[in-house]
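Novice: Sequences listed follow chains A and B, in order.
Residue numbers for the first sequence follow the numbering used here, beginning at 14 and rising by one.
Residue numbers for the second sequence follow the numbering used here, beginning at 93 and rising by one.
We treat Cβ as the ideally placed atom computed from N, Cα and C, and that holds for glycine.
All values reported here derive from a predicted model rather than from experimental measurement.
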Amino acid sequence: MSSAGVERTAGTPILSHPAKDERGTLNAGRGIFVPRRWSLFIPPHLLVGGGLVGLVMLAALLAPILAPSPPDLVQPALRLQAPTPLHPFGTDPLGRDLFSRVLYGARIAFQMSALAALLAALPGTGLGLLAGYHQRWLEQILSRLMDAWLAFPGMLLAIVLVARMGPSLTATVVALGIVGIPSYYRLVRNGTLSARHALYVEAARSIGASEVRILLRHILPNLASPIIVLTTLRLGMVLLAGGALSFIGLGAQPPQPEWGALLAAGRVYMDTAWWLALFPGLAITAAVMGFNLLGDGLRDALAPDVRSFRRQPQPSRRH
Amino acid sequence: MLHFLLRRLAGTVIVLAVVSFLTFALLDLAPGDAADAMVGEYASAAQLATVRCELGLDAPLSSRYLRFVSAAILHGDLGRSLISGRQVSELVIERFGHTVTLAMVALSLSLVVGTLTGIAAVAKPRGHLDLAVMSVTTLGLSLPTFWVALLLIMAFSLRLGWLPVVGAGGPAHLVLPAMCLAFPTTAMVARLMRASLLDVKSADYVRTAHAKGLAHHQVWRDHILRNGLIPVITLLGLYLGRLLGGTFIIETIFGWPGLGRLVVQAILDRDFPVIVGAVLLIAIIYQVLNFVVDVAHARLDPRVGRGAL
């Protein structure tokens, strides 16, 4: 089983069907795949994505232990120093250690993306379940509302919401959360619609389960996979958008070591202090790429119905 | 064709009405209004009330919204900036052209580069070039545009001195902002194009075209490309929103005097009339671009076209 054929499909887009492998070897689009005679095989998508996310998560958890100094410790004597073993990412104009600030930035990144995803997922999922199950006037109203919501560029809506609340990290989180609601709504509503007449729902209804119980104990668990996939992809998107808003001054405000804000602060010095413009950007890229790859990999593994599997070649026994 | 146009126009008007009302209502609820900003911090409550009354701010939201809409439609009057005191309509029109130019250049760039890259990748599926394209586009979708912009400024403007750092002027000013804005869209178009071509290439009608003896380039031009482009164009409508959203960031970084930068500055200044006006205009641009995409779609796909055009 060669892994070369596997790597080549890394990053296959949503719309593609897994391309036919000429040699008939394992098709990576399948995700976690257990060849008949082999042990568990994890495709590179999941491995790299999970690794990157794990790395950033470790940085966030262990920030107090790993950081050489507190993120806000001002040391004027050390201002604008290039990276050294003591300060691996260099120091900023106030002599603060950039490595420590980037580590603590990972905490903000996780809080921001997790909260925004939750703010989108909870109402979106709840409304989607209701609309999908009831399908009367409620469904009509909600669906028209969500369509109008989606007919509007997300960033523009986020900007209006930030304008309403005033620039801050909280405003960014709330805005990006609200912007994400329709995606969850659509996913869950469609899932509920198709599950409504499934055999297991009929069975639950026939033994007298209440509607709430059917929705929460039977339908929702069956939608867990696509919801997890959407959330993972959403986390990366929120990180990008949140960083961008902070960068232009509408998100996290200066003393906070949010990655986008760090880049904005380093921008003035980028001609002389390249490290200020490099490391926070690398951190964002690593985290976003981790979430994107993890989301793609999870989609292949958990929710294969998100893309079609026509022309799925059989794994060959030739080795 | 006329029917299609009318239906689209009606849809556009509804969306714009919703957008304008939401923006108006949301910003109206924000603490501090035009009267606060005009009289300053030390004014008495009575002075504030007088100014409020003069500006008509004491009327209920719905009637103020109706007055705003009728003034906007009848006189093109969007109110005045709280900071500079200038007419919002003037400010917005000044910036409008810059944003449209930037968006159109970025859109064309990502369409041309993305399509060609997708075609190149498909020439030999799973070849080295395909692998390279897929890796670069994966990276392209994860890289923050504002960071790419910083790095490009560092490289091309500061180190090499080839291109200007900020502002608008000649075509040289447009190069970096357009590239950065086009970056994620290009990656997306390339991936869509590749996926769609892979799909079309193995379709029955392509095999038939080959079998009846058409030349290779004829099959590609008339069958594969024409059909492969359809899903790309469809999805392009979705990515337009992302492209326009990117203008807020890109225009601010490059000091490009467009609507996006106007909005960001107005938010920092809490200059609500300017925000409402600029957001409305961006929504209009979005609707128009979407319309163009729909027409292109209908032209390309006879299944859509017969009914619509």
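Mind checking Y378 of chain B: buried by the 16 CB within 10 Å criterion, or exposed?
Specialist: Stepping through the second sequence from its first residue, residue 378 of chain B is reached at position 286. Y378 of chain B comes out buried.
Novice: Report the CB separation of A119 of chain A from V69 of chain A in whole angstroms; it is logged as a contact under 8 Å.
Specialist: Sequence index remark: in the first sequence, residue 119 of chain A carries index 106 (1-based). Sequence index remark: in the first sequence, residue 69 of chain A carries index 56 (1-based). Their Cβ separation, rounded to whole angstroms, is 5 Å, which keeps A119 of chain A and V69 of chain A in contact under 8 Å.
Novice: Could you check the C-alpha separation between D87 of chain A and L111 of chain A for me, to the nearest Å?
Specialist: Numbered from 1 along the first sequence, position 74 holds the residue referred to as residue 87 of chain A. Numbered from 1 along the first sequence, position 98 holds the residue referred to as residue 111 of chain A. Going by the sequence as given, residue 87 of chain A is Val instead of Asp. Looking at the two C-alpha atoms, the distance is approximately 11 Å.
Novice: Locate the alpha helix (DSSP H) running through K293 of chain B, then write down its first and last residues.
Specialist: Position 201 of the second sequence, counting from 1, holds the residue named residue 293 of chain B. It spans 264-293 - the alpha helix (DSSP H) in which K293 of chain B sits, taken as one unbroken run.
Novice: How about S181 of chain B and A274 of chain B: do their beta carbons lie closer than 8 Å?
Specialist: The residue labelled residue 181 of chain B in the question sits at position 89 within the second sequence. The residue labelled residue 274 of chain B in the question sits at position 182 within the second sequence. No, the Cβ-Cβ distance between S181 of chain B and A274 of chain B is not below 8 Å.
Novice: Is T97 of chain A buried or exposed, if buried means 16 or more other CB atoms sit within 10 Å of its CB?
Specialist: Within the first sequence, numbered from 1, the residue matching residue 97 of chain A stands at position 84. So T97 of chain A ends up on the exposed side.
Novice: With DSSP run on the structure shown, which of helix, strand or coil describes T142 of chain B?
Specialist: For the purposes of this step, residue 142 of chain B is identified with residue 50 of the second sequence, where counting begins at 1. Of the three classes helix, strand and coil, the one that applies to T142 of chain B here is helix, per DSSP.
Novice: Tell me, please, whether the segment 130-145 of chain A touches the segment 195-202 of chain A by the rule of three or more beta-carbon pairs shorter than 8 Å.
Specialist: Touching, per the Cβ criterion.
Novice: Could you work out which residue in B:L392, B:Y331, B:Q179 is closest to V366 of chain B when comparing CA atoms only?
Specialist: Walking along the second sequence from the start, residue 366 of chain B turns up at place 274. Answer by Cα proximity: B:Q179.
Novice: Of all Cβ atoms in chain A, is any one closer than 8 Å to the Cβ of W239 of chain B?
Specialist: Within the second sequence, the letter at position 147 stands for residue 239 of chain B. Yes, W239 of chain B counts as interfacial toward chain A.
Novice: Can you tell me whether I165 of chain B is buried or exposed? The criterion is at least 16 other CB atoms within 10 Å of its CB, across all chains shown.
Specialist: For the purposes of this step, residue 165 of chain B is identified with residue 73 of the second sequence, where counting begins at 1. I165 of chain B should be labelled exposed.
Novice: With respect to the alpha helix (DSSP H) encompassing Q153 of chain A, which residues constitute its N-terminal and C-terminal limits?
Specialist: Locating residue 153 of chain A in the first sequence gives position 140, where the first residue counts as 1. Start and end: 150-163.
Novice: Assuming K293 of chain B contacts V225 of chain B under a Cβ cut-off of 8 Å, what Cβ separation, rounded to an integer in Å, is found between them?
Specialist: Here residue 293 of chain B corresponds to residue number 201 of the second sequence, with the count starting at 1. Here residue 225 of chain B corresponds to residue number 133 of the second sequence, with the count starting at 1. Not quite, the Cβ-Cβ distance comes to about 16 Å (not below 8 Å), so this is no contact.
Novice: What number of angstroms, rounded off, separates the C-alpha of G337 of chain B from the C-alpha of A388 of chain B?
Specialist: Translated into the one-based positions of the second sequence, residue 337 of chain B becomes position 245. Translated into the one-based positions of the second sequence, residue 388 of chain B becomes position 296. About 22 Å.
Novice: Between which two residues does the alpha helix (DSSP H) harbouring Q266 of chain A extend?
Specialist: Within the first sequence, numbered from 1, the residue matching residue 266 of chain A stands at position 253. Looking at the DSSP string, Q266 of chain A is not in any alpha helix (DSSP H), and its letter there is neither H nor E.
Novice: Considering only DSSP beta bridges, list what Q179 of chain B is partnered with.
Specialist: Position 87 of the second sequence, counted from the first residue, corresponds to residue 179 of chain B. DSSP, once it has assigned bridges, lists B:R172 as partnering Q179 of chain B.
Novice: Using a C-beta to C-beta distance shorter than 9 Å, which residues of chain B count as neighbours of T298 of chain A?
Specialist: The residue labelled residue 298 of chain A in the question sits at position 285 within the first sequence. Ordered by position in chain B, the residues that pass the 9 Å Cβ test against T298 of chain A are L231, S234, L235, P236, W239.
Novice: Quick check on DSSP: helix, strand or coil for D296 of chain B?
Specialist: On the second sequence, residue 296 of chain B is found 204 positions in, with the first residue counted as 1. Helix.
Novice: Which same chain residues, not among the five before or five after V225 of chain A, have their C-beta less than 8 Å away from its C-beta?
Specialist: Here residue 225 of chain A corresponds to residue number 212 of the first sequence, with the count starting at 1. No residues qualify anywhere along the chain.
Novice: Taking the C-alpha atoms as reference points, what is the distance between A109 of chain B and L170 of chain A?
Specialist: Locating residue 109 of chain B in the second sequence gives position 17, where the first residue counts as 1. Locating residue 170 of chain A in the first sequence gives position 157, where the first residue counts as 1. When rounded, the distance between both Cα atoms is 15 Å.
Novice: Given that a residue counts as buried once 16 or more other Cβ atoms are within 10 Å of its Cβ, and exposed if not, what is S173 of chain B?
Specialist: Residue mapping note: residue 173 of chain B aligns to position 81 of the second sequence, counting from 1. So S173 of chain B ends up on the buried side.
Novice: Around the Cβ of C272 of chain B, are there at least 16 other Cβ atoms within 10 angstroms (buried) or fewer (exposed)?
Specialist: Translated into positions along the second sequence, residue 272 of chain B becomes position 180. Flag for C272 of chain B reads buried.
Novice: Just verifying my parser: in three-state terms, what is the DSSP assignment at T97 of chain A?
Specialist: Indexing the first sequence from 1 puts residue 97 of chain A at position 84. Here T97 of chain A sits in coil by DSSP.
Novice: Throw me the rounded Cβ distance for the A301 of chain B and V197 of chain B pair, which I believe falls under 8 Å.
Specialist: For the purposes of this step, residue 301 of chain B is taken as residue 209 along the second sequence, with counting starting at 1. For the purposes of this step, residue 197 of chain B is taken as residue 105 along the second sequence, with counting starting at 1. That pair is no contact at about 36 Å.
Novice: Please classify Q327 of chain A: is it buried, with 16 or more other beta-carbons within 10 angstroms of its beta-carbon, or exposed?
Specialist: Residue numbering aside, residue 327 of chain A sits at position 314 when the first sequence is read from its first letter. Reliability of the predicted coordinates at Q327 of chain A is poor, the pLDDT of 34 falling under 50, and no value is obtained from them.
Novice: Go ahead and label G42 of chain A buried or exposed: buried means 16 or more other beta carbons lie within 10 angstroms of its beta carbon, across all protein chains shown.
Specialist: As a first step, residue 42 of chain A is located in the first sequence; it is residue number 29 there, counting from the start. In this predicted model, G42 of chain A has a pLDDT of only 44, less than 50, meaning its place in the structure is not dependable; the value taken from the coordinates is given anyway. Buried, because 16 or more other Cβ atoms sit within 10 Å of the Cβ of G42 of chain A.
Novice: Looking only at its chain, what residues have a beta carbon closer than 6 Å to the beta carbon of G249 of chain A, apart from the 5 residues adjacent to it on each side?
Specialist: Taking the first sequence and counting its residues from 1, the one referred to as residue 249 of chain A is at position 236. So the list reads V301, F304, N305, once near-sequence residues are dropped.
Novice: May I ask which residues mark the beginning and end of the alpha helix (DSSP H) holding G320 of chain B?
Specialist: Mapped onto the second sequence, residue 320 of chain B falls at position 228. Taken as a continuous stretch (DSSP letters only), the alpha helix (DSSP H) holding G320 of chain B covers 318-346.
Novice: Give the C-beta separation of L373 of chain B and V184 of chain B to the nearest angstrom, bearing in mind that I take them to be a contact with Cβ-Cβ under 8 Å.
Specialist: Taking the first residue of the second sequence as 1, we reach residue 373 of chain B at position 281. Taking the first residue of the second sequence as 1, we reach residue 184 of chain B at position 92. Between V184 of chain B and L373 of chain B the Cβ distance is about 5 Å, and since that is below 8 Å, they are a contact.
Novice: Is it right to say P56 of chain A is buried, meaning 16 or more other beta carbons lie within 10 angstroms of its own, or is it exposed?
Specialist: On the first sequence, residue 56 of chain A is found 43 positions in, with the first residue counted as 1. The residue is buried, with at least 16 neighbouring Cβ atoms inside 10 Å.
Novice: Within 8 Å (strictly less), CB to CB, does L116 of chain A reach chain B?
Specialist: Working through the first sequence from its first residue, we reach residue 116 of chain A at position 103. Closer than 8 Å: no.
Novice: Please name the residues in the segment 257-284 of chain A whose beta-carbon is closer than 8 Å to at least one beta-carbon of chain B, in chain order.
Specialist: Here the close residues are A257, F260, I261, G262, L263, G273, L276, R280, M283, D284.
Novice: Going by other Cβ atoms of all chains shown within 10 Å of its Cβ, with 16 needed for buried, is G294 of chain A buried or exposed?
Specialist: Sequence index remark: in the first sequence, residue 294 of chain A carries index 281 (1-based). G294 of chain A comes out buried.
Novice: If you compare alpha carbons, which of B:M246, B:G305, B:S112 is closest to V161 of chain B?
Specialist: Numbered from its first residue, the second sequence carries residue 161 of chain B at position 69. Nearest C-alpha to V161 of chain B: B:S112.
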